[in-house]
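Protein chains in written order, with our numbering: chain A, 1 to 748; chain B, 749 to 1059. Every residue gets a Cβ at the ideal spot worked out from N, C-alpha and C, and that includes glycine. Inspection log for the structure reproduced underneath, given as structure tokens.
Set out below in structure tokens:
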């Protein structure tokens, strides 16, 4: 047994790539060595900005000898067959064995592949790992052709056993392996010779390199919180930033600095974003939540305890925050002078999508939709419309231009500055929510109405232009939008209207295109009549025929109208969109542990988009199937439907007539008729009340009669009349079940 | 006056430039002069763009005045200028100790590695107008970006073989940091003890105002558009000429004169952009047109002796 240590030492590896690279190194090396016949006890990989390291414990000394026997042609076979066999085995005739076989004497080749020493296998595996490393982006340097993430400088590869350490000999494009590395770039740049992983890790630590990213992150977080705590402050947690900073340093030294007095009135999120994005600083807040200081992480200690470093960082921060303050004050001035509507004016010239018009057109659609959705979620329609009109104004603010991730939030600040109602301001912030499965769903009615309108407009728009998600491609985040709608309707309870609002949102797209065309016709009236060679009265009559939607019609009772239209009037793409919602719902429920086949069973063929109802049905069905009655009843149902299916296929007919109770021969048959008669009205009542648990309880009562019936009755009676009646009775059972769910889709 | 040594702290903008020149000269670079045309960055100098192509070895360093019309702030902003200086180093093939050489240059201008925190932070470089990209870092000194460090992978659509290492220092920003100045216009330009003491503002404040006004409001966009098209046509016409010159009987591929037209088109595009007459969709189209020129010039350069062509 020996231990393997590998270090690939290079120029600075991007922080975001380090963790995966360490893992890839471990996987490629261990897979390759195992493939070649070695085994090992354990393996761990590490990354710093300048090195990828792999430590493997308990590696076998060599791969085992492999013996392979191959049967060849008979001894009396033609010369040609023997020659072919010799070629394929690489042996000569006198190396073959002759053995007796059923058909006579046959040549056998016994090939023995001797085991190979670990060093040889490690060297081969490492070279191929280096040459085929899956970096997200790689490069060449100097005159070489080797690719690595940045220039690769040295390869450390040693095998250590009781006798000591041996270099694994290897040369990749002129980089020869050895047993040395280097310490910290500035604090300990000299060469270090190592003889084992323990030796390596401890010498590196003395040379100011902490190998383990987790340990670096712990040091950063621990010291940063201590610095803050000593002054009664608290570091704002940011796991992503912590991981990134841990990938930028080999010797982390957190330093705490102050933010200039003149910037402390900026919104805390602006301070935090600016410090994080540009400087990779942690924010430090006081007891009131105000951000007052920062922590930067240096890569070294200095004789002046970081004073110079901190002064430099402070200077850069001041320049950055001066910019942020400038944007903030300019934006506030715009709001003061022109209001939020004024700030939104330039959005008329910003394209949302070339087939879906400008941001301003999009806002107009969302406003109309939010108005209609408002009453369904208990929001004030005027307020929802007003919120829609200003919610995206911040997209043309200077602050959001600089920091796109502050969209929405700045909208809220600017709406507050404009003196708009708090509900409207909040909607500006929350209408993008929920952004993911774990993001909070807004609860204020105005925010809910706007969040729904925003997402539905996006979904129906991209559906209309046929830009649906395919496979892993979802550039407009439509899956996320649909999940957002699902979570919003589940929590707001406006579920039964989903189909209606989807149709409405689609129509708004349609009308807007229609209106744009009409406006263009108006604008170019004279040109069109000349071009078409018609007088303006004829043109007017054409325009009347096209007829634009009437403004007042749009405002009043539109929703009622759409809700009252028949299913067939809702255009097909929307049905497709509803099944997209159904799919997203499945994903959502699966995350809660609901089985996908149960959801399939509960999903009606022509689903009306009522999410709440569907979820209730799914939950009741799953609960029912988990009971003993449920499981047995499912078995009985399966038996009934299997018999029916087989007999219907054989006879080429459907047994869909009402069974005649007078033809019932035995008691169990009569009892089943009675039970079905008793259950029918119960199910009617339960379904009418949308009480699925009651419906399940009602069919559960069929378990006894159904089991007894199968026990006592031969379905395929010789009497054809009786047989037909019994099959029709089974059909009655099947039909009854189908009213509750498609039990046939449930997997055993 | 005694010659400054590396341990002294420089006292003026020009001293920092002089020290960089001396340092890179000592490390074997040809010290070149700025290219005599308006460019957006030191990379446009043919000593970088064209010389990074082909197999011939190369080492050059130079100051390049650079113009970014949209960054004009009438000389009021402490850090932003429409005309500024870049210091550019290009070495092909990139030497294995390029990072150490670079750090040495920071020491040469008075940055003490034992007191400062120098970091190499991922920053991939891409120039859509030059059809070029490379991998490297922005170099941070105490959280401030002081240089770009790039290993060229492709220029003008050609794979770089060997690879050049390119260093770009933003001179004003670096100098402000080293000299401890908060507003660029306050920075000493020449020796602060000189009889006639000049600040950066004394030299450039007025020109920043003049060009900011011209760039944003006065430049004649019709004329600029015409110049753009003329440069485009001229570039193609130069490259269309036969390789063999009938007058001298020699093979003369005119890569550099054609590239001048490409530089011109690129700068005119920047001016048009500053005038706000290029829409978002047109922007991509203009960049594509300049890239087409850059690629054609790169194709021509690799057919010249300097580009590694052997008859």
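Spatial neighbours of residue i within its chain, please: C-beta separation below 6 Å, excluding the five flanking residues on both sides.
| i | result |
| --- | --- |
| residue 16 of chain A | none |
| residue 617 of chain A | 602 and 692 |
| residue 944 of chain B | none |
| residue 28 of chain A | 129 |
Please report the distance separating the alpha-carbon of residue i from that of residue j.
| i | j | result |
| --- | --- | --- |
| residue 13 of chain A | residue 358 of chain A | 41 Å |
| residue 462 of chain A | residue 363 of chain A | 15 Å |
| residue 700 of chain B | residue 162 of chain A | Nothing can be reported for residue 700 of chain B: it is not among the residues displayed for chain B, which extend from 749 to 1059. |
| residue 433 of chain A | residue 404 of chain A | 16 Å |
| residue 593 of chain A | residue 630 of chain A | 18 Å |
| residue 1048 of chain B | residue 880 of chain B | 16 Å |
| residue 752 of chain B | residue 783 of chain B | Low local confidence applies: a pLDDT of 42 at residue 752 of chain B is under 50, so the model's placement there is unreliable, with the coordinate-based value given in what follows. Cα-Cα distance, rounded: 28 Å. |
| residue 739 of chain A | residue 349 of chain A | 53 Å |
| residue 158 of chain A | residue 170 of chain A | 11 Å |
| residue 39 of chain A | residue 870 of chain B | 37 Å |
| residue 486 of chain A | residue 874 of chain B | 41 Å |
| residue 428 of chain A | residue 371 of chain A | 15 Å |
| residue 769 of chain B | residue 179 of chain A | 39 Å |
| residue 866 of chain B | residue 887 of chain B | 7 Å |
| residue 812 of chain B | residue 203 of chain A | 45 Å |
| residue 524 of chain A | residue 534 of chain A | 13 Å |
| residue 767 of chain B | residue 856 of chain B | 7 Å |
| residue 87 of chain A | residue 148 of chain A | 41 Å |
In chain order, what residues of the same chain have a beta carbon less than 8 Å from the beta carbon of residue i, not counting five sequence neighbours either side?
| i | result |
| --- | --- |
| residue 1064 of chain B | Summary: the structure shown does not reach residue 1064 of chain B, with chain B confined to residues 749 through 1059, and so no result is reported for it. |
| residue 153 of chain A | 9, 10, 11 and 175 |
| residue 42 of chain A | 56, 57 and 58 |
| residue 956 of chain B | 820, 821, 822, 823, 829, 830 and 831 |
Of the residues the options, which one's Cα is nearest the Cα of residue i?
| i | options | result |
| --- | --- | --- |
| residue 998 of chain B | B:914, B:990 and B:889 | B:990 |
| residue 900 of chain B | B:950, B:798 and B:828 | B:798 |
| residue 449 of chain A | A:459, A:466, A:435 and A:431 | A:431 |
| residue 830 of chain B | B:908, B:944, B:844 and B:962 | B:962 |
| residue 205 of chain A | A:536, A:381, A:521 and A:184 | A:184 |
| residue 964 of chain B | B:1036, B:1045, B:887 and B:1018 | B:1018 |
| residue 317 of chain A | A:351, A:282 and A:340 | A:282 |
| residue 105 of chain A | A:191, A:165 and A:76 | A:76 |
| residue 757 of chain A | A:304, A:312 and A:248 | Outside the displayed range of chain A (1 to 748) lies residue 757 of chain A, so it cannot be described from this structure. |
| residue 863 of chain B | A:95, A:26, A:233 and A:306 | A:306 |
| residue 277 of chain A | A:309, A:287 and A:240 | A:240 |
| residue 388 of chain A | A:747, A:417 and A:344 | A:344 |
| residue 802 of chain A | A:234, A:117 and A:355 | The shown model of chain A, from 1 to 748, leaves out residue 802 of chain A, and the question about it has no answer. |
| residue 910 of chain B | B:805, B:1021, B:1058 and B:891 | B:805 |
| residue 980 of chain B | B:1001, B:930, B:1043 and B:1050 | B:1043 |
| residue 977 of chain B | B:756, B:844 and B:1013 | B:1013 |
| residue 229 of chain A | A:191, A:294 and A:417 | A:294 |
| residue 231 of chain A | A:287, A:209 and A:660 | A:287 |
Residues in the same chain with beta-carbon distance under 7 Å from residue i, minus the five sequence neighbours each way, listed in chain order, please.
| i | result |
| --- | --- |
| residue 760 of chain B | 936, 937, 938, 939 and 940 |
| residue 365 of chain A | 457, 508, 509 and 512 |
| residue 220 of chain A | 242, 245, 246, 252, 254 and 297 |
| residue 641 of chain A | 734 and 744 |
If you check the beta carbons only, do residue i and residue j fall under 8 Å apart?
| i | j | result |
| --- | --- | --- |
| residue 932 of chain B | residue 948 of chain B | yes |
| residue 5 of chain A | residue 133 of chain A | no |
| residue 833 of chain B | residue 814 of chain B | yes |
| residue 621 of chain A | residue 598 of chain A | yes |
| residue 270 of chain A | residue 324 of chain A | yes |
| residue 494 of chain A | residue 577 of chain A | no |
| residue 676 of chain A | residue 736 of chain A | yes |
| residue 47 of chain A | residue 18 of chain A | yes |
| residue 115 of chain A | residue 65 of chain A | yes |
| residue 625 of chain A | residue 634 of chain A | yes |
Any heavy atom of the ligand SAM inside 7 Å of the beta-carbon of residue i?
| i | result |
| --- | --- |
| residue 937 of chain B | Absence of the ligand SAM from the depicted structure is noted, as is the absence of any ligand whatsoever, leaving it without description. |
Original post:
Fully enclosed by the region 889-959 of chain B, which beta strand (DSSP E) runs are 3 residues long or longer?
Top reply: List check, beta strand (DSSP E) in window: 892-903 and 913-918.
Original post:
Taking the runs of the alpha helix (DSSP H) that are 4 residues or longer, which of them lie wholly in the region 650-734 of chain A?
Top reply: Qualifying alpha helix (DSSP H) stretches, in chain order: 667-688, 692-700 and 703-712.
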